[in-house]
Every structure is written in structure tokens, then in C-alpha cells.
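Chains as they are written, first to last, in my numbering: chain A, 18 to 98; chain B, 2 to 367. Glycine is no exception: its CB is placed at the ideal position from the N, C-alpha and C atoms. Computed from a predicted model, the values in this text were never measured in an experiment. Since the structure comes first, as C-alpha cells, the remarks are kept for the end.
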Amino acid sequence: FPVRWESPEEETTQVVRNYLERFYQLPRGRYRSGRSNGTSVVVDKLREMQRFFGLNETGKPDEETLEMMRKPRCGVPDNGD
Amino acid sequence: FMVTPGNPRWKHTNLTYRILKYTTQLSHAKVETVISTAFQIWANASSLTFTKISQGEADINIAFYEGDHGDNSPFDGPNGILAHAFQPGPGIGGDAHFDEQETWTTNFENYNLFLVAAHEFGHSLGLSHSTDPVALMYPIYAFREPSTYTLPQDDINGIQAIYGPSSNPVQPTGPSTPTACDPRLTFDAIATLRGEILFFKDRYFWRRHPRMPEVELNFISLFWPALPDGIQAAYEDPDKDLVFLFKGSQYWALSGYDIEPGYPKDISNYGFPSSVRAIDAAVYYRGETFFFVNDQFWRYDNQRQSMQTGYPKNIASIFPGIESRVDAVFQQNHVFLFFIGPTYYAFDLSAHRITRVQRSNRWLNC
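The structure is reproduced here in C-alpha cells:
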């Protein structure tokens, strides 16, 4: 089968979704690029993550946010549960 | 710090732990020593005690697992998620799991088991993640020298919020993140580095990049694990593209992230008399290095690799207005910026006088 090629945007979406689901209780399957209904939840969760790490709360997966998401870390969620 | 929602805590203080499954990368003896030391970090700051058992049900079970290991929180292979632990409680409560597919070490190479274990045990005791980058309970891995590691104040406050004060007669205290905008902020040392400026303080340094608005705070050990905390003087030799750092009678040469081989060396190499056992500040300018010690300074000729004759001289006699011991100094646009306590003095080398006096933390955008 042809290897499933992911565009950079899709790869970013994947990284963001996995991270927010694991560490900020983003409801699973909520964030697929292009769907509008889940976007506001994702923006809120992104802002929550950016606030935790003292990043600019853009609500967007900017470079410094993605860089933080790639750092090795503990598997326990950041909001305690 | 953050206490886990619902404030789960152990009702008894004499806790037991058991290592159910070892990693294949370190000997059992090494793992047991590391785990015991990691628990001791928390015992020192609280009234808790930790006893290893080899049979029966322990409060805190420890194991190294790969991938999906049946607790609904699968590991993800090398890097990424390193470990996790569960809040105090029966059964899986308190247990700590480590990703067997990581590289576990007992030195500065990724990932040091002691640091990760000490962090996970914080969860096992009822702490959640801290937003303080210096705290042990900060979620991102950052190397710190285990042999000199002391629990940061944020974590001491956290564990004592759950279990009360330490049973030690002298309450422990720990390092805190330096507050950039503390008006009393002083620097240990300052050096330029390829256009950036590094401001050293305790175990940290701020990194100021000419084109970046933010000033970044880092652990010294994150970039140079083998360096000690508390650097006292630093200067960049742009001709050699090296930064020299000083502590006590030793000095190191850094080439970017690497410490040059053969260091540390002794400052007597520069030709200081044996009475000089530490440097307060240093700066390189036009082929010479100026060393400041108490109220005197030396000039070292980098070409001839020897001290200029006629030195040391009194600082104020050559730099009028610089009347006290210098904490740190660096050079910018033919101006020496002398940092004394929370104030800096811009000494214009052409005008031969002080042209500006400001708060030191202005350099950290405060």
C-alpha cells in the first residue's frame, strides 16, 4: 500500500491532539483539522497548556508551543487528575 | 506546587515500597540505590519514612514496563513519556511505572533514573505538577547533578502542605527560581557568547539574544552538566570563539555546548600570585583580558600569554567611579558594563568615565 503521507499540518495536528488528550483532558477524537465544532475546545486547552508553561497564550500551535510538546516529560496530566 | 485534586495522601507515614520489575539496563544494586536515594529526598523534607520490602503488598510498587502495560496509560517508546505514577491509595495507588524503552542512566546522559524516580515519587505522595521550572515536580525532564541535588523550595512547600513539617530539627530549605524582576537581583558572572549575553546566577543563567524579545532562563547543567553551580566570573574570547568560566581557583573553557578537553585548569596559569584564589569578574577587550579581584585588577596579554607588568592596580584609579568590588562585567561597543550589587555602571572607555547608572535587571527586560 502507498505509505500514508501526512502533510506537515496533519502531523502538527496529530502532535497537538495527542498532547492535549494526554495531559489536558481534551476529549478524544475532538480535534481533526477543518472541523469547526471542536476547535474552540482545542484553543482553550492549548491556552491552558501555554499558561501552565508560561508561554504566550496564543491558542495556536506556534513553534515555541510545539517545541515544548516535544520535550521528554512525565506521563501524568498537568492539571492533576 | 500543586497538590493532587481531592488531596489524596497516605494516612500512615512509615511507607513501604517494592521493586516488582527491574530495568535490564542497570544492575539491581544500582536501581535499588537510586530508588532509595530518590525516596530519601522526600524523607528529608517531611516526616515520611520509606522501607523496601521484597515480599507482600507494598504501598508503592515500582516497575519498568514497555508500551501498553494494562493501566490504561501505555508508554510510547524512547523519549516522549518517560514514566508515570499514581496518587496515594490502595492497589495501584502510589505505584510508579518507568518506560523500559528509555535509556536509564546514573549520570548526565538521558535519562537520569534518580531525577525521574524522585519526580514520580512526588506523585506517589500526592503532589501534581508544578509550574515552577526549577521544581522537581515540573513535568519536563531537565538534568541536574544528582550528587549535589537538594529538593527545591517549591517541592518542600508542596510536600509539607500535605504531610506537615520535616521531622528534622532544622527545617530544610531549598533553591528557588531566581526572580528576574527582583529589584535586589545581583549577578554572579556575565559573558557574551557569539552575540548573545549570558547572565549567571546560582545554578541558572539567563540568555539574552539580540533579536529575541524574551530572556530565557535555563539551568547551567542543562547546557553544561559537568559545570558546577555558582560560577563567579566569565568572559568570551571572540578571537578563539571560547567562553571562559571561573569558580574558585579553577576555570573551564567552553566551545558552544562543549567543555574543552583538559579542563578545569588552575588560575595560576594566568600568572596570578598564589594569594589570589578566586576571581570576581573578567572581561576581554582588544587582545587583553581584565581580571577584577576585590578592589584591584590585572591585565593579561592574550598574545604574549602573560600578565602585563605593573599590575595589579587599584580599580578606581583607572576606572573612576567604580569604587566597590565588582560582581560581573562585560564589554559592549567599547563600554565596560560593571555590575555591582543590583546596579550597573556603563564605563565609556573612550570618554574614560561612567556614562550611565541603572538597575542590573534592566538587562532582563525588567
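Secondary structure, beta strand (DSSP E): runs of 3+ residues fully inside the region 315-360 of chain B: 329-333, 336-341, 344-349, 354-360
Spatial distance of Tyr48/A from Val33/A (CA atoms): Below a pLDDT of 50, predicted positions are generally treated as unreliable, and Tyr48/A, at 49, falls in that range; no measurement from the model is reported.
8 angstroms Cβ cutoff met for Val244/B and Ala234/B: no
Lys266/B vs Tyr252/B beta-carbon contact at 8 angstroms: yes
Start-to-end residues for the beta strand (DSSP E) that takes in Trp299/B: 297-302
Neighbour list for Ile82/B in chain A, Cβ cutoff strictly below 9 angstroms: Arg39, Pro89, Arg90, Cys91, Gly92
Closer than 8 angstroms to chain B by CB, Gly71/A: yes
8 angstroms Cβ cutoff, Ser125/B in contact with chain A: no
Beta strand (DSSP E) runs contained entirely in the region 22-79 of chain B, provided each spans 3 or more residues: 50-53, 61-66
Contained beta strand (DSSP E) runs [length at least 3] in the region 202-282 of chain B, N- to C-terminal order: 205-209, 216-220, 234-238, 243-248, 251-256
Within chain B, the residues that Asp95/A reaches when beta carbons sit closer than 7 angstroms: His130, Pro140
Cutoff 8 angstroms; reference Thr104/B; Cβ partners in own chain excluding five residues on either side: Gln26, Pro79, Glu110, Asn111, Tyr112
Chain-ordered neighbours of His210/B on chain A, where CB pairs are closer than 7 angstroms: Per Cβ cutoff of 7 angstroms: no residues; His210/B is ~13 angstroms from chain A at best.
Neighbour list for Tyr112/B in chain A, Cβ cutoff strictly below 8 angstroms: Pro89
Nearest candidate by alpha-carbon position, reference Ala84/B, set Ala119/B, Lys53/B, Gly90/B: Ala119/B
Residue from Asp296/B, Phe331/B, Asp328/B with nearest C-alpha to Ile319/B: Asp296/B
Beta-bridge pairing of Asp100/B - partner residues as DSSP gives them: Tyr66/B
Nearest-angstrom Cα separation, counted from Val59/A out to Pro89/A: 22 angstroms
Contacting positions in the region 44-78 of chain B - beta carbon closer than 8 angstroms to chain A: Ser74, Phe76
Whole-Å CB distance - Gly322/B paired with Tyr346/B, under 8 angstroms assumed: 7 angstroms
Chain-order list of residues whose beta-carbon lies under 6 angstroms from that of Gly68/B (same chain, five-residue window excluded): Pro75, Phe76
Residue from Gly263/B, Ser250/B, Tyr264/B whose Cα sits closest to the Cα of Gly272/B: Ser250/B
Distance between Asn270/B and Tyr150/B (C-alpha atoms, nearest Å): 31 angstroms
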